[in-house]
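Please read the structure below before turning to the comments.
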Amino acid sequence: NAGVTQTPKFRVLKTGQSMTLLCAQDMNHEYMYWYRQDPGMGLRLIHYSVGEGTTAKGEVPDGYNVSRLKKQNFLLGLESAAPSQTSVYFCASSSNWVFRDRGRISNQPQHFGDGTRLSIL
Amino acid sequence: GESVGLHLPTLSVQEGDNSIINCAYSNSASDYFIWYKQESGKGPQFIIDIRSNMDKRQGQRVTVLLNKTVKHLSLQIAATQPGDSAVYFCAEKKTAGNKLTFGGGTRVLVKP
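So the protein lines, in turn, are chains A and B.
Sequence positions in the first sequence follow this note's numbering and run 2 to 122.
Sequence positions in the second sequence follow this note's numbering and run 424 to 535.
In structure tokens, the structure reads:
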């Protein structure tokens with residue numbers, strides 16, 4: 002059980018280049034998320050998906066696009082990379098936030114990958 | 424505004440002592456809170472969570488306290504070990520929605 006796997010782990014791009022970051026999860030989670038983490042800051046949500054074929058904007062969506070063609074995969078694309086997009090990108094997945102089991106309700110935490118370190122020159 | 428923040432950016436603690444990491448939140452509509460631990464080069468790792476209908480929850484060596492009156496969340500680590508050295512983030516989820524809002528993080532340094 003690998004959990005959440007991100008590829009690549011590192012990448013250097015030139016300004017204007019495009020690339021796609023891949024996130025795969027093997028936990029059959031409905032929800033998936035892309036965050037960026039900058040020095041001295043917490044994680045900021047870029048885009049997220051509540052199910053296959055659906056995506057939604059997060060806090061900082063500009064300059065990024067996403068696709069969720071398969072339940073287990075969530076792709077993050079940079080169409081024209083800019084130096085401001087230099088960051089560490091984390092993918093996460095979670096089950097439904099409200100889980101009912103024998104009348105008990107519990108939330109499910111997000112599980113994170115180990116990140117993609119992206120530098121744009 | 425809607426934000427989650429931390430009082431102490433860096434916490435130095437002696438090995439074996441207890442650690443307390445604090446977090447203030449401003450969104451009274453939040454109903455679920457999580458603490459994550461992030462080691463260098465790794466993604467955030469789930470530690471413990473708590474729903475807004477509780478004020479305390481305990482795990483293995485960790486306790487989370489929630490004070491809704493003053494919108495304050497804390498993580499207590501008992502008998503801090505060198506392996507506890509990391510950055511700790513609190514996060515909140517609003518009642519409506521599936522998104523988390525993260526605080527800026529506190530670095531915990533364990534001194535031998």
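C-beta atoms are modelled at their ideal positions from N, C-alpha and C, and glycine is treated no differently.
In this text the structure is predicted, and so the values were computed from the model without any measurement.
- In this structure V531(B) is buried. Its beta-carbon is surrounded by 16 or more other beta-carbon atoms within 10 angstroms.
- Under a criterion of Cβ atoms nearer than 8 angstroms, the residues of chain B adjacent to P110(A) are, in order, I457, F469 and D472.
- Among the residues facing chain B, A3(A) is not included, as its CB has no counterpart in that chain under 9 angstroms away.
- When secondary structure is reduced to three states using DSSP, G506(B) falls in the helix class.
- Interface with chain B (9 angstroms Cβ-Cβ cutoff): G54(A) is excluded.
- Contact of G506(B) with chain A by beta-carbon distance below 8 angstroms is absent, the smallest such distance being about 17 angstroms.
- From the beta-carbon of F11(A), no residue of chain B is found nearer than 9 angstroms; the closest lies around 11 angstroms away.
- The residue among L14(A), G4(A) and K10(A) with its C-alpha nearest the C-alpha of E80(A) is L14(A).
- In the DSSP assignment, K58(A) falls within the beta strand (DSSP E) that extends over T55 to K58.
- Not one beta carbon of chain B lies nearer than 9 angstroms to the beta carbon of L23(A).
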